[in-house]
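Below: the structure, in structure tokens.
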Amino acid sequence: MAPRIFWIGDSTVQFNTIFTWPQCGMGQVLDLFVRPDIAVYDHARNGRSTKSFREEGLWTPVEDALRPGDLLLMQFGHNDEKIEDPTRYASPEQFAANLLAYAHAAQAKGALPVLITPLVRRHFEGDTLTPTHGAYPDVVRALAARESLPLIDLTAASAQLVQRLGEPASRELYMVFAPDLYPNYPEGKTDNTHLRYLGAVKFTGLVADGLQTLGGAYAQVLLDAPEKDKYDEKGYER
Numbered sequence: 212m213a214p215r216i217f218w219i220g221d222s223t224v225q226f227n228t229i230f231t232w233p234q235c236g237m238g239q240v241l242d243l244f245v246r247p248d249i250a251v252y253d254h255a256r257n258g259r260s261t262k263s264f265r266e267e268g269l270w271t272p273v274e275d276a277l278r279p280g281d282l283l284l285m286q287f288g289h290n291d292e293k294i295e296d297p298t299r300y301a302s303p304e305q306f307a308a309n310l311l312a313y314a315h316a317a318q319a320k321g322a323l324p325v326l327i328t329p330l331v332r333r334h335f336e337g338d339t340l341t342p343t344h345g346a347y348p349d350v351v352r353a354l355a356a357r358e359s360l361p362l363i364d365l366t367a368a369s370a371q372l373v374q375r376l377g378e379p380a381s382r383e384l385y386m387v388f389a390p391d392l393y394p395n396y397p398e399g400k401t402d403n404t405h406l407r408y409l410g411a412v413k414f415t416g417l418v419a420d421g422l423q424t425l426g427g428a429y430a431q432v433l434l435d436a437p438e439k440d441k442y443d444e445k446g447y448e449r
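Heads up: take any position in the sequence shown, counting from 1, add 211, and you land on this note's numbering.
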């Protein structure tokens with residue numbers, strides 16, 4: 212039986228509908244990188260933290276569904292850090308404890324948890340991308356090291372990509388665009404957290420790179436090589 216991939220997290224991972232287009236979460240494009248027989252279940256929800264995801268009952272169906280060999284990808288942090296909102300805020304120490312509880316619950320079902328540091332926000336000061344997640348990425352890194360849990364450092368990898376693109380070009384990855392470009396947002400948008408399709412693909416590619424680096428069962432869910440289709444030999448329809 213093929214392993215499945217479950218993803219829990221926030222709006223940067225959430226599966227969006229046409230009503231919020233062009234917003235796109237990483238969870239809805241992971242299929243592009245995995246084998247055709249690997250099912251992806253995206254349980255991420257907009258605005259959730261490690262605390263609220265459990266307290267709202269969103270974790271229970273994931274835990275119930277997990278079976279041996281499944282992968283559980285966890286990417287939180289954007290909302291845990293919101294100290295002004297007690298329904299979502301988790302201190303760095305509680306954030307680590309919440310992630311560890313999810314990981315232990317997955318391991319108890321025979322599943323394979325993967326910690327993912329939070330996706331970088333697009334916050335430039337001049338030409339320099341500046342961090343906005345405070346202690347939270349380091350908390351995930353330290354937890355992974357202390358508990359010998361697999362880690363994908365998406366914070367570092369995405370920051371490197373965004374910095375390399377620079378301030379103007381990196382707008383294409385996020386919900387930053389002029390008026391009248393998309394019907395859902397006639398006044399335009401300046402949102403440096405949420406992603407457009409290109410950003411979702413680029414950043415999910417970094418997650419896939421991380422799975423490849425982890426190797427073993429984590430890499431085995433990925434596509435082995437490009438699959439030839441009927442047009443590869445110039446069999447174009449005319």
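Beta carbons: idealized from backbone N, C-alpha and C, even for Gly.
Looking at the DSSP output, Met-386 shares a beta bridge with Asp-402.
Annotation: Gln-318 to Leu-376 spans about 38 Å, alpha carbon to alpha carbon. Taking the Cβ atoms as the reference, Met-285 lies roughly 18 Å from Gly-345, outside the contact range of under 8 Å.
When C-beta atoms of the stretch 270–281 are compared with those of the stretch 294–306, fewer than three pairs fall below 8 Å, so the two segments do not count as touching. Taking a contact to require three or more Cβ pairs closer than 8 Å, the stretch 298–316 and the stretch 261–270 qualify as touching. Unbroken alpha helix (DSSP H) stretches of 4 residues or longer found wholly inside the stretch 294–356: 303–319, given in chain order.
Taking a C-beta distance under 7 Å as the contact criterion, Ala-213 and Ile-249 qualify as a contact pair. Rounded to whole angstroms, the gap between the alpha carbons of Leu-340 and Ile-216 is 31 Å. In this structure Thr-401 is exposed. Its beta-carbon is surrounded by fewer than 16 other beta-carbon atoms within 10 angstroms. Apart from sequence neighbours up to five positions away, the residues of its chain that approach Val-251 with a beta-carbon distance below 6 Å are Ile-216, Leu-241, Asp-242, ordered along the chain. Look at Trp-270 here: in three-state DSSP terms it is helix. The three-state secondary structure of Phe-244, taken from DSSP, is coil. Counting along the chain, Tyr-252 sits inside the beta strand (DSSP E) bounded by residues 251–253.
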